[in-house]
Amino acid sequence: MLTSQTAPVNPLVEYETRTFYRSRGDDKSPFQGWPDDEKDRLWLESYHSGLFTYVDREAAMQLPNVTSRVAEPGLEDQYMVVLDVFHQLHCLNFIRQAFYPERYGRSMYHKDGTLDYCTWLHIDHCIDQVRQSLICSADTSIIPVQWNDATKSMRPRVDTIHTCKKYDQLLKWTIGRNLSDFRGAALVVEDEVGGLRIEDYLEDKATGKIQVAESECHAI
Numbered sequence: 013m014l015t016s017q018t019a020p021v022n023p024l025v026e027y028e029t030r031t032f033y034r035s036r037g038d039d040k041s042p043f044q045g046w047p048d049d050e051k052d053r054l055w056l057e058s059y060h061s062g063l064f065t066y067v068d069r070e071a072a073m074q075l076p077n078v079t080s081r082v083a084e085p086g087l088e089d090q091y092m093v094v095l096d097v098f099h100q101l102h103c104l105n106f107i108r109q110a111f112y113p114e115r116y117g118r119s120m121y122h123k124d125g126t127l128d129y130c131t132w133l134h135i136d137h138c139i140d141q142v143r144q145s146l147i148c149s150a151d152t153s154i155i156p157v158q159w160n161d162a163t164k165s166m167r168p169r170v171d172t173i174h175t176c177k178k179y180d181q182l183l184k185w186t187i188g189r190n191l192s193d194f195r196g197a198a199l200v201v202e203d204e205v206g207g208l209r210i211e212d213y214l215e216d217k218a219t220g221k222i223q224v225a226e227s228e229c230h231a232i
């Protein structure tokens, strides 16, 4: 059973207090606004190095769910993992990109107006993954309600103090563990005497064609 003592990154977790951005007016974060190359870089740097990482066998054996070996030469005895926060940020970025189909090609509709089912399915998946994560984390920081003279009404004040995990510590953990050449179509097979070999399903050696199983669509 995974506990706070056995989770691979938990010994590195530290906490800090942070004041959230109001995310509107003159108090916006650098991640906001109309997309450009700099914002794209910030989004990717916030999670991309952690999308596929690895841990050793000892850590893998303590996980509540079975995970696969790394199908890369020299790393066959390591095990692939993704910290969920990086998946959630990937999903949030995918949703963000769907608002700007001209830039990212993430539109839910084909040019003829018909539904692009695979893109819709990925967005739908991502929305529910973020929903589940928010409920699981259940941030109970208090948002005060204050009188706003400009609107002549009570308004929530979201630029408040929160206690947060130090995110940079989690990013540092991915350094040296990132599987930048991750191949989803290969797996490690163990033979009868404990030897390990990589079986690659990316390409049919006879035809040179990529082998893809029938499925709804692929999404992480």
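According to this note's numbering, the sequence shown is numbered sequentially starting from 13. A virtual CB, placed ideally from N, CA and C, is assigned to each residue, including glycine. Keep in mind that this is a model prediction, so the values were computed, not measured.
Using a Cβ-Cβ cut-off of 7 Å (strictly less than) and excluding sequence neighbours within five positions of residue i, which residues of its own chain qualify?
{"i": "Ser41", "result": "Tyr33 and Ser35"}
{"i": "Gln109", "result": "Tyr116 and Arg118"}
{"i": "Gln100", "result": "Gln141, Val142 and Ser145"}
Does the distance from the CB of residue i to the CB of residue j come in under 8 Å?
{"i": "Leu182", "j": "Ser61", "result": "no"}
{"i": "Val82", "j": "Tyr66", "result": "yes"}
{"i": "Asp25", "j": "Lys177", "result": "Correcting the residue identity first, residue 25 is Val in this sequence and not Asp. In this structure, Lys177 lies closer than 8 Å to Val25 by Cβ."}
{"i": "Cys103", "j": "Gln141", "result": "yes"}
{"i": "Thr172", "j": "Ile155", "result": "yes"}
{"i": "Glu84", "j": "Leu191", "result": "yes"}
{"i": "Phe64", "j": "Val94", "result": "yes"}
{"i": "Tyr179", "j": "Ala197", "result": "no"}
Per DSSP, what kind of secondary structure is residue i in: helix, strand or coil?
{"i": "Tyr27", "result": "strand"}
{"i": "Ile173", "result": "strand"}
{"i": "Arg143", "result": "helix"}
{"i": "Asn22", "result": "helix"}
{"i": "Ser149", "result": "helix"}
{"i": "Tyr121", "result": "strand"}
{"i": "Ile154", "result": "coil"}
{"i": "Asp286", "result": "Nothing about residue 286 can be read from this structure; the chain reaches only from 13 to 232."}
{"i": "Asp193", "result": "coil"}
Grab me the residues of residue i's own chain with a C-beta within less than 8 Å of its C-beta, minus the 5 sequence neighbours each way, in chain order.
{"i": "Phe106", "result": "Arg118, His134, Ile135 and Cys138"}
{"i": "Gly125", "result": "none"}
{"i": "Ser80", "result": "Tyr91, Met92, Leu199 and Val200"}
{"i": "Leu54", "result": "Pro42 and Phe43"}
{"i": "His174", "result": "Thr29, Arg30, Thr31, Phe32, Asp151 and Ser153"}
{"i": "Leu127", "result": "Met120 and Tyr121"}
Use the C-beta contact count for residue i: other C-beta atoms within 10 angstroms, 16 or more gives buried, fewer gives exposed.
{"i": "Ala150", "result": "exposed"}
{"i": "Thr186", "result": "buried"}
{"i": "Tyr129", "result": "exposed"}
{"i": "Tyr27", "result": "exposed"}
{"i": "Thr163", "result": "exposed"}
{"i": "Tyr59", "result": "buried"}
Leaving aside the five residues before and after residue i along the sequence, list all residues of the same chain whose C-beta is less than 6 Å from its C-beta, in chain order.
{"i": "Pro20", "result": "Val67 and Ala71"}
{"i": "Asn160", "result": "Arg167"}
Would you list, in sequence order, the uninterrupted alpha helix (DSSP H) runs of no fewer than 4 residues that lie entirely inside the stretch 38 to 116? Assignment of alpha helix (DSSP H) within the stretch 38 to 116, counting only whole runs of 4 or more residues, yields 49 to 57, 69 to 72, 96 to 110 and 113 to 116 in chain order.
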